[in-house]
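Notes follow once the structure below has been shown.
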Amino acid sequence: MFTENANRIFNRSIEEYHRWDDVDHPIDNPYAPGTIDHLLYHKNWIDTVQWHLEDIIRDPAIDPAEALKIKRRIDKSNQDRTDMVEYVDSYLLDKYKDITPAEGARLNTETPAWAIDRLSILALKIYHMAREAERTDVDDAHRAACRKKLDVLLAQQADLSRAIEELIEDIEAGRKYMKTYKQMKMYNDPALNPVLYGQKK
């Protein structure tokens with residue numbers, strides 16, 4: 002199953018990152034370039050690093066200049082994340098290019114890759130909630146609350162995985178079809194962000 006493989010890859014990426022727990026540690030993608038596995042690992046690595054950048058920037062004692070540097074790094078990471086989603090969609094579009102949609106085929110509310118993006122983030126939430134449920138420096142109430150949240154996240158992961166599988170099955174059968182839109186992140190574009198193009202005046 003596609004999502005079973007994706008979740009396994011996401012977990013491998015997260016575990017590898019936490020061997021170092023360093024936002025500057027370089028990615029070492031174990032999968033062959035050009036494969037969907039390579040794209041999924043790279044996608045989750047970006048998500049994992051950004052998760053920890055978001056933690057760092059919320060430190061109340063952070064130096065403002067350092068916070069600004071991290072905010073700009075997060076902006077770039079968001080663009081990289083969007084690019085990776087589009088690479089995954091491009092891979093799937095090519096894979097299913099010879100399938101002719103049936104008469105009355107429907108368009109899904111999101112592409113498979115954007116649903117996979119949510120699955121990647123869920124893997125991170127599950128990893129970190131599981132760590133919270135295992136902490137020894139908190140009381141039983143904290144651990145119990147985190148275990149309940151973890152159960153919900155695991156149910157959400159199962160439901161989302163099933164929904165993605167059904168979407169892929171529908172695309173393969175021609176019951177649904179893919180349509181992609183290049184995402185237009187305006188805040189990084191000097192031609193579209195008024196703060197940036199205002200500096201030219």
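One rule links them: number in my numbering = place in the sequence shown (from 1) + 1. Backbone N, C-alpha and C fix where the C-beta goes; we use that ideal spot for every residue, glycine too.
#1: Pick out the complete alpha helix (DSSP H) segments inside the segment 74 to 142, 4 residues or longer, and give them in chain order.
#2: To the nearest angstrom, report how far apart Val86 and Ala106 are at their CA atoms.
#3: Three Cβ pairs or more, each shorter than 8 Å: is that satisfied between the segment 66 to 77 and the segment 145 to 156?
#4: Rank Gly199, Thr101, Lys183 and Glu167 by C-alpha distance to the C-alpha of Thr4 and give the top, closest one.
#5: Let me know the secondary structure DSSP gives Lys183 once reduced to three states.
#6: Just the C-alpha distance for Tyr182 and Thr83, rounded to the nearest angstrom, thanks.
#7: Run through DSSP, which three-state label would Tyr178 get?
#8: Is DSSP giving Asn30 helix, strand or coil here?
#9: Need the endpoints of the alpha helix (DSSP H) that Ile37 sits in, please.
#10: Taking its Cβ as the centre, do 16 or more other Cβ atoms sit within 10 Å of Met179, making it buried, or is it exposed?
#11: Roughly how many angstroms lie between the CA atoms of Leu93 and Glu135, to the nearest whole one?
#12: Could you have a look at Pro65 and say whether DSSP puts it in helix, strand or coil?
#13: Using the Cα positions of Ile47 and Asn6, report the straight-line distance between them to the nearest angstrom.
#14: So Ala7 is in the alpha helix (DSSP H); what residue range does that whole segment cover?
Result, derived from the coordinates:
#1: 113 to 134
#2: By 1-based counting over the sequence shown, the position of residue 86 is 85. By 1-based counting over the sequence shown, the position of residue 106 is 105. Val86 and Ala106 have their C-alpha atoms some 23 Å from each other.
#3: no
#4: Counting from one through the sequence shown, the residue named residue 4 turns up at place 3. Closest by alpha carbon: Glu167.
#5: Working through the sequence shown from its first residue, we reach residue 183 at position 182. In the structure shown, Lys183 sits in coil (DSSP, three-state: anything other than H, G, I, E or B).
#6: By one-based count along the sequence shown, residue 182 stands at place 181. By one-based count along the sequence shown, residue 83 stands at place 82. Their Cα atoms are separated by approximately 11 Å.
#7: Taking the sequence shown and counting its residues from 1, the one referred to as residue 178 is at position 177. Here Tyr178 sits in strand by DSSP.
#8: Your numbering for residue 30 matches position 29 in the sequence shown. DSSP places Asn30 in the coil class of the three-state scheme, outside both helix and strand.
#9: Stepping through the sequence shown from its first residue, residue 37 is reached at position 36. That run of the alpha helix (DSSP H) goes Ile37 to Ile58.
#10: Sequence index remark: in the sequence shown, residue 179 carries index 178 (1-based). Buried, because 16 or more other Cβ atoms sit within 10 Å of the Cβ of Met179.
#11: In the sequence shown, counting from the first residue as 1, residue 93 sits at position 92. In the sequence shown, counting from the first residue as 1, residue 135 sits at position 134. Distance between the alpha carbons of Leu93 and Glu135 is about 38 Å.
#12: The residue labelled residue 65 in the question sits at position 64 within the sequence shown. If DSSP states are grouped into helix, strand and coil, Pro65 belongs with the helices.
#13: What you label residue 47 is simply residue 46 of the sequence shown in a count that begins at 1. What you label residue 6 is simply residue 5 of the sequence shown in a count that begins at 1. Spanning the two alpha carbons is a distance of roughly 18 Å.
#14: Taking the first residue of the sequence shown as position 1, residue 7 is located at position 6. That run of the alpha helix (DSSP H) goes Phe3 to Trp21.
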